[in-house]
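Taking this note's numbering, the leading residue of the sequence shown gets -2, the next gets one more, and so forth.
Backbone N, C-alpha and C fix where the C-beta goes; we use that ideal spot for every residue, glycine too.
Source: prediction; values computed, not measured.
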Amino acid sequence: MKLITALIVLCLATSAWAEPDMLVSGVKMPAWVERDAQRLPLAPGMALSNGDILVTGQNSRVLVKAADGSDIKLGEHARLALSGLAQKRDGQPLFSAALNVLKGAFRFTTSAVAKLRGREVRVKVAGATIGIRGTDVWGKAAETDKDVVCLIEGKISVNYLDEPAFVMDEPLSFYKMPKNAAPAPVAKVDMEQLKKWAAETEIAAGQGAVRTGGEWKVDLKTVEGEVATLAAYDELRAAGYDARILPLDAGKYRLYIMQLPSRDEASALARELTGKMGIDSPSVSR
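Right, dumping it as structure tokens:
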């Protein structure tokens, strides 16, 4: 009972800290953060820091808010390593970050009204390093075939392996980097292709994603006994689901997932998990 109580306190604890460099805002589970030799399920409200690696599973998506107001989105089967996070340089406001897209699709969109005066963000996609200031860029580090960087709006600098550095400033253009071949010239992207790429990183409605401020929850199952409860809790979290524990009477415990933004989203998550990990009849509530 003491261990479960400690876990509940840890999940509910809040601390007074300065604004984090990055904050998880939305998650279509399963998704994790690898931190200090641990793998934890991602959850809205989780602060991210240097050294963290974000990992997404099948059909999952992640939305992260940076301190300058920018959005970072990840698609399924992605890995993103964070470093160089800071909000000041030489005492002056400047948001900086180095984002290494190890695998999968990402999108970086700067805010129209930035919280800070400037930003210095570099994104590495496979062999390409992209310098970002004010822009909307999509990219993908593929395991096979080719890597892609697509400039939707704004301006970026691109350094790719031994190729001469260049600037992309034409909206709706993309740079394709085939595996084991020379990169293709920058070209205009077809709008249908852009829609498909954008969908790879977008959290779609009705998919059971959790969001910051969500007031709905899914009651997954009731378990009897501390040992069985902790085993079920560990299984869910290892699978990339941010499960919580609620003590009931007579030595029973309820496992649940919170921060769903609506009944529809909660119901979608309940359907997704029905029949998995011993979850038979999940219910939704506020």
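DSSP three-state assignment for residue i, whether helix, strand or coil
i	result
Leu191	helix
Lys112	In this prediction, Lys112 scores a pLDDT of 43, lower than 50, which makes its location untrustworthy; no coordinate-derived value is stated.
Pro17	coil
Asp33	coil
Ser67	coil
Asp261	helix
Glu117	strand
Ala267	helix
Asp216	strand
Tyr238	coil
Pro38	strand
Ser22	strand
Met255	strand
Ala273	Note that residue 273 is Lys in the sequence shown, not Ala. Three-state DSSP puts Lys273 in coil, outside helix and strand.
Ala44	strand
Ala28	strand
Contact check, residue i vs residue j, beta carbons under 8 Å
i	j	result
Val207	Gly23	yes
Thr198	Arg58	yes
Ile301	Val134	In the structure as shown, the chain begins at -2 and stops at 283. Residue 301 is therefore absent and cannot be evaluated.
Leu257	Gly211	yes
Met274	Glu223	no
Val145	Gly151	no
Asn47	Ser80	yes
Arg130	Ala95	no
Tyr250	Val220	yes
Gly124	Met43	no
Ala138	Leu99	yes
Lys70	Arg104	yes
Ala78	Gly237	no
Leu60	Ile200	yes
Pro241	Met255	Looking at the sequence provided, one finds Arg at residue 241 rather than Pro. Yes, Cβ-Cβ distance for Arg241 and Met255 is below 8 Å.
Val281	Trp213	yes
C-alpha distance - residue i paired with residue j, whole-angstrom precision
i	j	result
Ala184	Thr132	18 Å
Lys143	Pro279	41 Å
Val21	Ala181	35 Å
Ala205	Glu262	Correcting the residue type first, residue 205 is Gly in the shown sequence and not Ala. In a straight line, the C-alpha of Gly205 is about 4 Å away from that of Glu262.
Gly115	Gly66	11 Å
Gly101	Arg283	34 Å
Gly272	Phe171	42 Å
Asp49	Val155	24 Å
Lys112	Val30	Any reading at Lys112 must be qualified, since the residue scores a pLDDT of 43, below 50, and its modelled position is unreliable; no value is offered.
Lys218	His74	28 Å
Leu45	Asp277	34 Å
Met26	Ala229	17 Å
Ala83	Ala40	22 Å
Leu243	Leu148	46 Å
Ile127	Pro17	24 Å
Lys85	Lys176	38 Å
Gln55	Gly72	9 Å
Ser264	Thr53	22 Å
Lys193	Met19	27 Å
Glu189	Pro168	15 Å
Asp166	Asp159	21 Å
Ala34	Ala235	14 Å
Ala162	Ser259	47 Å
Leu191	Thr106	15 Å
Residue span of the alpha helix (DSSP H) that contains residue i, given as start and end
i	result
Val224	223 to 235
Ala94	First-last for Ala94: 89 to 106, but that is the beta strand (DSSP E), not the alpha helix (DSSP H).
Span of the beta strand (DSSP E), counted from its first residue to its last, around residue i
i	result
Ala83	76 to 86
Ile242	241 to 244
Thr286	Lying before the first or after the last residue shown, residue 286 is absent from the chain, which here runs from -2 to 283.
Ser280	280 to 282
Task: alpha helix (DSSP H) segments (min. 4 residues) lying fully within the stretch 124 to 198 - done: 188 to 196
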